[in-house]
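Right, one structure below, let's go through it.
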């Protein structure tokens, strides 16, 4: 096990533990903050897989924007800062069984198929030049489609959250 | 680096996300769990990109697209949660059960875009739910 693998395991363990805390903690604001830790640790995993651009995209969009958006949503829905009651024990048990089975099935299939494979990391494969060149040559059509999707999401979010009285004012 | 490490990690992260979606009561935290599942998928995409040594970088760019779509998704999702909170005064998913046929019409059923205190309309909906 070399240094990259050790760092990946550390980042991975941090991501999994922070993710587990995010879905189990009884304080909703803490859940959003543990999500930030988990996403930042996933960014560290991306770095160990030599996907440098994705690291910064992950930090900027997820840790920067999505977590702030989630915190704002928690604030606007008046989420309590103290502990809030969790789901009934039966549902937690059922969810745990389903989640455990999902993870076991995924693990079994992937490890049976790719368990012995090795990643030969070559530096520079995920830099800005490679990603930008790929994005604007081979992947330009999905890129343009995504820009339309983002515009639609922007307009949709504004239209959804507009107060009803605004409709009458606007005619 | 062994390919098994990212695969194990993404499987665990996906399982955690599934648990959160099923067990959480707050609608915002269900969206948080969905983000964890999307991150698990992203990690798989990047890991297989590195394993394949893809010259087109299909995996990394697909992960980039997934991140973009996830940002759009959580924007719309939180807008809907906010709208539900504004109409119902709660973002607890257990309170949002008016499509449940077995539900007792104990609480006034309130439609979107109606005032919270319009109990007459709510009562009618309760009867419809009871007959069904």
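Residue numbers (our numbering), protein chains in the order written: chain A, 98 to 268; chain B, 1189 to 1320.
Don't be surprised by glycine CBs; every beta carbon is placed ideally from N, CA and C.
Every value quoted in this text rests on a predicted model; they were computed, and no experiment measured them.
Exposure of residue 98 (chain A), with buried meaning 16 or more beta-carbon neighbours within 10 Å: exposed
Member of B:1250, B:1251, B:1289 and B:1261 whose CA lies at the smallest distance from the CA of residue 162 (chain A): B:1261
Every unbroken alpha helix (DSSP H) inside the stretch 1235-1278 of chain B [4 residues or more]: 1246-1276
Where residue 1206 (chain B) meets chain A, residues with beta-carbon distance less than 7 angstroms: 195, 196 and 199
Beta-carbon proximity list for residue 1222 (chain B), same chain, < 7 angstroms, skipping 5 on both sides: 1205 and 1209
Residue-chain proximity (residue 1229 (chain B), chain A), Cβ-Cβ < 8 angstroms: no
Cβ neighbours of residue 136 (chain A) in the same chain (closer than 6 angstroms, five flanking residues each side left out): 159 and 160
Contacts around residue 138 (chain A), its chain only, beta-carbon distance under 7 angstroms, and the 5 residues preceding and following it disregarded: 108, 111, 112 and 115
Status (buried if at least 16 other CB within 10 Å, exposed otherwise) for residue 1212 (chain B): buried
Residues that residue 124 (chain A) contacts on chain B, provided the C-beta gap is smaller than 8 angstroms: Within 8 angstroms Cβ-Cβ: nothing; residue 124 (chain A) doesn't reach chain B, min ~11 angstroms.
Touching by the beta-carbon criterion (3+ pairs, under 8 angstroms), the stretch 122-137 of chain A and the stretch 169-180 of chain A: yes
Residue 212 (chain A) and residue 1229 (chain B) closer than 8 angstroms at C-beta: no
Limits of the alpha helix (DSSP H) - the one that residue 121 (chain A) falls within: 100-121
Boundaries of the alpha helix (DSSP H) in which residue 207 (chain A) is found, first to last residue: 186-211
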